[in-house]
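Peer 1:
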């Protein structure tokens with residue numbers, strides 16, 4: 045016959061061993077999960093840094109090629125406009141900035157360069173809520189807006205009667221918080237549009 049007391053005694057003596065085994069299993073599982081996660085994050089971060097470094101190297105090479113190019117400012121401006129149409133705004137800004145610097149009296153190069161930097165500022169602004177920490181840089185957005193203003197002001201000196209320049213400047217000044225200059229540009233745009 046079975047002795048119930050003996051079986052209950054065995055069960056009680058096994059409880060601490062089972063509890064310890066369960067605790068150890070849970071700890072091992074947690075270490076495995078979090079250990080793998082930190083290793084995965086580390087590998088992922090290293091790969092991102094590598095790709096960012098390669099992208100910077102590629103941009104610098106591209107910049108050198110554009111600077112050394114014997115292409116005219118008009119040809120570079122056309123290339124920049126195509127890049128803008130294909131939503132390659134950052135590359136377009138590089139090409140257009142070089143076109144504007146190559147021929148400081150070519151209005152369209154200056155206007156489209158300003159436009160490209162305005163789009164970069166807008167794209168940076170849109171990434172604030174969705175992008176990575178590096179992408180959410182409002183300082184970069186401010187720099188892009190200031191670059192846009194720089195080139196659009198150059199365009200006004202070249203051709204003070206071109207309405208598109210004032211339209212873009214109105215936006216750029218508004219983005220930087222200079223409402224007074226934004227209103228001045230807007231009023232100038234309205235005056236030019238009446239003619």
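Numbering (this note's numbering), first residue to last: 45 to 239. Every residue, glycine too, gets a C-beta built ideally from N, C-alpha and C. Keep in mind the model is a prediction, meaning the values are calculated, not measured.
What does the alpha-carbon distance come out to for the pair residue 219 and residue 118?
Peer 2: 29 Å
Peer 1: Quick check on residue 161: does DSSP put it in helix, strand or coil?
Peer 2: helix
Peer 1: With a threshold of 16 other CB atoms inside 10 Å of the CB of residue 139, please say whether the residue is buried or exposed.
Peer 2: buried
Peer 1: By how many angstroms is the C-alpha of residue 154 removed from the C-alpha of residue 189?
Peer 2: The alpha-carbon atoms of residue 189 and residue 154 are separated by roughly 14 Å.
Peer 1: Should residue 182 be flagged as near chain D, meaning a C-beta pair shorter than 9 Å?
Peer 2: The chain labelled as chain D is not found in the depicted structure, where only one protein chain is given.
Peer 1: Start and end of the alpha helix (DSSP H) containing residue 196?
Peer 2: 182 to 202
Peer 1: In terms of residues, what are the limits of the alpha helix (DSSP H) holding residue 118?
Peer 2: For residue 118, the uninterrupted alpha helix (DSSP H) segment begins and ends at 117 to 129.
Peer 1: Using DSSP with H/G/I as helix, E/B as strand and the rest coil, what is residue 152?
Peer 2: helix
Peer 1: Where residue 182 and residue 168 are concerned, what is the direct C-alpha to C-alpha distance, given to the nearest angstrom?
Peer 2: 8 Å
Peer 1: Give me the Cα-Cα distance between residue 122 and residue 208, rounded to the nearest whole angstrom.
Peer 2: For the pair residue 122 and residue 208, the Cα-to-Cα distance works out to about 17 Å.
Peer 1: Excluding sequence positions up to five away, which residues of its chain have a Cβ less than 6 Å from the Cβ of residue 184?
Peer 2: 168
Peer 1: Does DSSP put residue 132 in a helix, a strand or coil?
Peer 2: If DSSP states are grouped into helix, strand and coil, residue 132 belongs with coil.
Peer 1: Output needed for residue 72: all residues of its chain with C-beta closer than 7 Å, excluding positions within five of it in sequence on either side, in chain order.
Peer 2: none
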